[in-house]
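The structure appears below as structure tokens.
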Amino acid sequence: MKKLLFLGIIFLINFTFIWAQETKKFKLFWNKGYHLESNDGNFKMKFGGIIQQHWSYSSQNEVIDNLFGKPNNGSKFRRIRLYNSGSIFNFISYNLQLEFAEGPTTVKDIHISIHKLPIVGKFTIGYFKEPFGLDQYNSSNDMSFIERASNIDITPGRNNGFMFSNTAFNENATWAIGTFRDTNNFGLTSFGNKYNFTGRITALPISNKEKNKFLHVGLAYSYRTPNESKYSIKSRPEAYLLTSYINTGIINQVDNVQLTGIEVALMLNYFSLQSEYIHSRVNRKDLLENYNFFGYYIELSYFITGEHKNYSKKVGYFKRVSPKSNFNATGKGIGAVEFVTRFSSADYADKSIEGGVLNDITVGINWHLNPVTKFSIDYTSAKLKAVGNSTIFQMKFQVAF
213 MKKLLFLGII FLINFTFIWA QETKKFKLFW NKGYHLESND GNFKMKFGGI IQQHWSYSSQ
273 NEVIDNLFGK PNNGSKFRRI RLYNSGSIFN FISYNLQLEF AEGPTTVKDI HISIHKLPIV
333 GKFTIGYFKE PFGLDQYNSS NDMSFIERAS NIDITPGRNN GFMFSNTAFN ENATWAIGTF
393 RDTNNFGLTS FGNKYNFTGR ITALPISNKE KNKFLHVGLA YSYRTPNESK YSIKSRPEAY
453 LLTSYINTGI INQVDNVQLT GIEVALMLNY FSLQSEYIHS RVNRKDLLEN YNFFGYYIEL
513 SYFITGEHKN YSKKVGYFKR VSPKSNFNAT GKGIGAVEFV TRFSSADYAD KSIEGGVLND
573 ITVGINWHLN PVTKFSIDYT SAKLKAVGNS TIFQMKFQVA F
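Going by the working numbering, the first residue of the sequence shown is number 213, and it counts up by one from there.
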């Protein structure tokens, strides 16, 4: 089934390219991906893909080895994806993204949107990211680090649902609110009375595009009713090949879970700072014990080659970095070089739950060869509180178009 689906997508892409070249009503061009667009602008399509290969080497002290076993060192394709997106008559858009790296083909995004609606702006329905958190919203292609901070596991991620979203105050603010059902990796959800409600608002108290100065603040909230009244979260250090170090285990008799996220980002031309705090309150039924878990990070970025992060006012998060000069083997261009550092912490211990506390310090460098190619190196020191330490060295090579 996966092979047939893959071949079908390749056939569709090839057929579309041939058809576009033989008609005068459409034009085909490259802009960080393959684009097909009608001359009147009413119909647009984009075809692209992602290849991310990771190399990882970890060293743990003896206590952590005894608890979790020896680390998995080696290489892995972290993401292999194909996607197609487009718009129809300027106000209907769609997005389809499939993942091939993790065994059976899975759905990463599949949704349809209606744009330019009065007051509400945009309506989206399908399987996509819930509007919660800055780090979650940033694409995996555009992250400053090889992996997201450990507290990402508190966020809702992708689910089936529908959402209204819009900008305000000349795009100096955004808002999004939606209702969702918990979903598996194939976009399948069961019918029942369990709904989740999630919303996010952002604002730019400082916005100066000419000088590349922005101050972003945001607030997100999610009210969740877990399936089967069970809830759990677990996190690994910032390395995909390692196992989870902290884990709440399964918490039963859960009535609801309330997530709150606070985010801030400051960009001063070449320099940027980003931070988030995420809190999870688990409310149980009757007079049972309630729990509070949280995580946060603070990260810094600096481009020594004069570039800056690419903030999108329309969506309230960061997008792809474009080097001032693309790398060229003849030496005419060097690309963009970015130094990054981050401290993150996740605390899953409260009352009778001894899930653990994990602190990570990461330093790294990103070499953006061009807008679609990036090479990254990260070094992480991870400390499992009252247990032991790990050191992690990672590399990633990425092509995303």
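Glycine is no exception: its CB is placed at the ideal position from the N, C-alpha and C atoms.
This one's a predicted model, so the numbers in the text were calculated from it and none came from an experiment.
query	result
Please classify Phe301: is it buried, with 16 or more other beta-carbons within 10 angstroms of its beta-carbon, or exposed?	exposed
Who pairs with Lys531 in a beta bridge, going by DSSP?	Asn522
For Arg370, which option in Tyr339, Met355, Leu500, Ala388 has the closest C-alpha, if you only look at C-alpha atoms?	Tyr339
Report yes if the CB atom of Ser564 is closer than 8 Å to the CB atom of Glu501, and no otherwise.	yes
Any idea what DSSP makes of Ile331, helix, strand or coil?	coil
Locate the alpha helix (DSSP H) running through Ile276, then write down its first and last residues.	274 to 280
Exposed or buried, Ile604, counting other C-beta atoms within 10 Å across all chains shown (16 or more means buried)?	buried
With respect to the alpha helix (DSSP H) encompassing Leu346, which residues constitute its N-terminal and C-terminal limits?	346 to 349
Are the CB atoms of Arg192 and Val466 nearer to each other than 8 Å?	As shown, the chain starts at 213 and ends at 613. That puts residue 192 outside it, with no answer to give.
Please determine if the segment 257 to 275 and the segment 596 to 612 are in contact, where contact requires at least 3 C-beta pairs separated by less than 8 Å.	yes
Tell me whether Met213 sits in a helix, a strand or coil according to DSSP, three-state version.	Residue placement at Met213 cannot be trusted, given a pLDDT of 47 that sits under 50; the coordinates are not used to answer.
Tell me which same chain residues have a C-beta within less than 6 Å of the C-beta of Lys258, skipping the five on either side of it?	Gly245, His247, Ser297
If we require 4 or more residues per run, which alpha helix (DSSP H) segments fall completely within the segment 429 to 483?	none
Can you give the Cα-Cα distance for Asp498 and Tyr407, rounded to whole angstroms?	20 Å
Give the straight-line distance between the Cα atoms of Trp267 and Glu359, rounded to the nearest whole angstrom.	12 Å
Once you ignore the five residues that flank Phe613 on each side, which residues in its own chain have a CB closer than 7 Å to its CB?	Lys244, Gly245, Gly260, Gly261, Val584
Distance check for Ile546 and Ser362, CA to CA, integer angstroms please.	32 Å
Alpha carbon to alpha carbon, how far is Leu512 from Asn251?	43 Å
Exposed or buried, Ile458, counting other C-beta atoms within 10 Å across all chains shown (16 or more means buried)?	buried
Just to confirm before moving on: does the CB-CB distance between Thr410 and Phe344 stay below 8 Å?	yes
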